[in-house]
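Novice: Sharing a structure here in structure tokens format.
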Amino acid sequence: MEQAELEPSSRSKRAKSIITLAFEAYLETQEEEIPKAAKLDGHFAECLTYQLRLFLFAGTDTTSSSTTYVYHLLSKHLEALAHVRQEHDRIFGPDPSAVAQLLCEQPALLNQCSYTMAVIKDTFRLYPPAGTMRQGCDCLSRTDRRGNEYPLMDDISVTVLQQPTRRNARV
């Protein structure tokens, strides 16, 4: 991370990685001050490193957790598993060893996996991969189903309990 070469961003037709986007954004803000090969600002490099670590960890952790829950639910619901297998055989063919090459040649085939996507989305509903927290505001309050009002002051953090909320038919 010591040096960055300035390259035209239009060379690649593929989607850009988060690292590429971060460097491009940084280099655009420093357009006139950066020579052909420039040293990155130490503070920027440190912040970028922390953010990338978080991005990579969170992405890996949520993906592995979600995959585990998909397998768990499919093992409990054998009809759904059979339907997923039928869909995959219909779209990709019966030979699992040929799927990687087929997807390299025709990545849009994934768009035909509507049942598989429904399984993944329902897994996210039942087992959300991440939560969220928001800062309260003196101008807001929360009312429960019995009509009790709770102020959301500036110094209060508010979090939604994702799992119970997404499993409650009344919500």
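Using our numbering, you'd call the opening residue of the sequence shown number 64 and step up by one each time. The beta-carbon is built from N, C-alpha and C at its ideal position, and this holds for glycine as well. Quick caveat, the model's predicted, so the values are computed rather than measured.
1) With C-beta atoms as the reference, is V133 less than 8 Å away from T186?
2) Taking 8 Å as the cut-off, decide whether the C-beta atoms of S220 and E212 are in contact.
3) Just verifying my parser: in three-state terms, what is the DSSP assignment at R148?
4) Kindly indicate which three-state DSSP category P159 falls into: helix, strand or coil?
5) Can you tell me whether F86 is buried or exposed, with buried defined as 16 or more other CB within 10 angstroms of its CB?
6) So, helix, strand or coil for Y134, using DSSP?
7) Taking Cβ positions, are R230 and L189 nearer each other than 8 Å?
8) Give the DSSP-derived three-state secondary structure of Y178 in the structure shown.
9) So P191 packs on Q226, CB below 8 Å; how close in whole Å?
10) Compare the C-beta of V221 against all C-beta atoms of chain D and say whether one is closer than 8 Å.
11) Can you grab the Cα-Cα spacing for the pair T206 / L215, in whole Å?
12) What residue from I154, A108 and T92 has the CA that sits closest to I82's CA?
13) With 16 other CB atoms within 10 Å as the buried threshold, where does F120 fall?
Specialist: Well, looking at it:
1) Taking 8 Å as the Cβ cut-off, V133 and T186 qualify as a contacting pair.
2) No; because the gap between Cβ atoms is not below 8 Å, this pair is not in contact.
3) Shown here, R148 sits in a helix according to DSSP, grouped into three states.
4) The three-state secondary structure of P159, taken from DSSP, is helix.
5) Buried: at least 16 other Cβ atoms inside 10 Å.
6) Residue state, collapsed to three classes: helix.
7) Closer than 8 Å, so yes.
8) Helix.
9) With a Cβ gap of about 7 Å, P191 and Q226 count as contacting.
10) The structure shown contains no chain D; it holds only a single protein chain.
11) Rounded to the nearest angstrom, the two C-alpha atoms are 10 Å apart.
12) Closest in alpha carbon position to I82, among I154, A108 and T92, is A108.
13) So F120 counts as exposed.
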